Amino acid sequence: NRGNGVTIRNCSGNEIAHGAMVPPNVISGNRGHGVLLGSNALGNAVNGALIGMDTNRIIARPNGGEGILIFRSELNDVGNSGTPTVICGNQGSGIKIVESRGNHINWALIGFCSVPPWAMGNSDYGVHVVSSPSNYIGSDAGTTVISGNNRDGVLIEGPASRGNVILGCSIGSDPTFTMVVSNRGNG
407 NRGNGVTIRN CSGNEIAHGA MVPPNVISGN RGHGVLLGSN ALGNAVNGAL
457 IGMDTNRIIA RPNGGEGILI FRSELNDVGN SGTPTVICGN QGSGIKIVES
507 RGNHINWALI GFCSVPPWAM GNSDYGVHVV SSPSNYIGSD AGTTVISGNN
557 RDGVLIEGPA SRGNVILGCS IGSDPTFTMV VSNRGNG
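Letter 118 of the sequence shown, counting from 1, is numbered 524 in our numbering, and no numbers are missing.
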């Protein structure tokens, strides 16, 4: 596609889903972002998708922008199902949150593919939060892995970025915390 793989804006309650008997959505090779949740997208979910790679998680098929861009949107979930959302190999950040609040990255592999070659980093940050308050990265239910990216694993910046929470993440390691898979910048 010349633009984004999936764009959701000015609506709520939509899901990019993955079922037990259904192959995952592969959102790769788009010139824009893999997924854009923009302009008042409220309460949407991205679950179990492969963003920026092939179905085997071996070959990068990068999107030209961010893997997922959340822009001026609230209460969206990434990876809130039994299968993680895998976001690797994109030209921008794995997930970028801009001027948005209350979004939750629950169970995602960002820059880490869970199969050899393990790391397929995004070209920018793993997670980049800009002027956005009260977002949650990780949880105590499932490990969010942010590893192998070309810049920082997580960067939170801007005076409006207050009250963001990072919880239960593996940053620069695998999900079991036994293998080093460093981000090239800071953790």
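In this text, a Cβ means the ideal position worked out from N, Cα and C, and glycines have one as well. In this text, all values refer to a predicted model and were calculated from it rather than measured experimentally.
In this structure, the alpha-carbon of Ser418 lies about 13 Å from that of Leu442.
Around the beta carbon of Met526, a 10 Å sphere encloses 16 or more other beta carbons of the protein chains shown; the residue is thus reported as buried. For Gly444, the pairing in a beta bridge is given by DSSP as Arg415, Phe477. Sequence-distant Cβ neighbours of Asn556 in its own chain, meaning closer than 6 Å and more than five residues away, are Gly527, Ser529, Arg590. Taking a C-beta distance under 8 Å as the contact criterion, Asn410 and His439 qualify as a contact pair.
CA-to-CA, the gap between Val428 and Val521 works out to about 20 Å. Following the DSSP letters along the chain, one finds Ala514 inside the beta strand (DSSP E) bounded by residues 514 to 516. Judged by beta-carbon spacing, Ala514 lies beyond the 8 Å limit of Thr461, meaning their Cβ atoms are not closer than that value. Rounded to whole angstroms, Ile501 and Thr489 show a C-alpha spacing of 17 Å.
For the 8 Å CB-CB criterion, Ile577 and Ser553 form a contact. For Gly544, the enclosing beta strand (DSSP E) covers residues 542 to 544. Taking a C-beta distance under 8 Å as the contact criterion, Glu505 and Ser540 do not qualify as a contact pair. About 5 Å separates the beta carbon of Gly471 from that of Gly498, a gap short enough to meet the 8 Å contact definition.
Excluding its 5 nearest sequence neighbours in each direction, Gly569 has C-beta neighbours in its own chain below 6 Å: Pro539, Ser540, listed in chain order. Asn509 and Cys494 have their C-alpha atoms spaced approximately 20 Å apart. Boundaries cannot be given for Cys519, as no beta strand (DSSP E) includes it and DSSP labels it neither H nor E. Within the same chain, Cβ atoms closer than 8 Å to the Cβ of Pro565 are found at Ser537, the five residues on either side in sequence being excluded. With 16 or more other CB atoms across the displayed protein chains lying within 10 angstroms of its CB, Arg467 is buried. Distances from the alpha-carbon of Gly458 to those of Arg478, Leu448, Pro430 put Pro430 closest.
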